[in-house]
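*Asks:*
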Amino acid sequence: MDSRDFVGLRFGDALERLRISDRGILIGVVRGGDVLINPGNDYTIQSGDSLLVVS
Numbered sequence: 741m742d743s744r745d746f747v748g749l750r751f752g753d754a755l756e757r758l759r760i761s762d763r764g765i766l767i768g769v770v771r772g773g774d775v776l777i778n779p780g781n782d783y784t785i786q787s788g789d790s791l792l793v794v795s
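Residues in the sequence shown are numbered consecutively from 741, following the working numbering.
1) When you compare each of Asp742, Ser761, Leu755 to Tyr838 by their alpha carbons, which one comes out closest?
2) In the DSSP assignment, what residue or residues form a beta bridge with Ser790?
3) Assuming Leu792 and Ile767 form a contact by the criterion Cβ under 8 Å, report the distance between their Cβ atoms to the nearest whole angstrom.
4) Tell whether a beta-carbon distance below 9 Å holds between Arg759 and Ile765.
5) Tell me whether Ile777 sits in a helix, a strand or coil according to DSSP, three-state version.
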């Protein structure tokens, strides 16, 4: 999985996409060294973010 595929998506939409594809459960984002667990459905994934996924 490449997090670049999720740039521009809201956290909730990315969570649903991963859940439907059975690739894992999105639990958070790392941005600029900050770990954001469950940042909210409206949080927008940006270029350079790393996704935290449990599979």
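No residue lacks a Cβ here, since even glycine has one placed at the ideal position from N, Cα and C.
These figures come from a predicted structure and were not determined experimentally.
*Replies:* On the basis of the supplied data:
1) Nothing can be reported for residue 838, as the shown portion of the chain is limited to 741 through 795.
2) Val770
3) 5 Å
4) yes
5) strand
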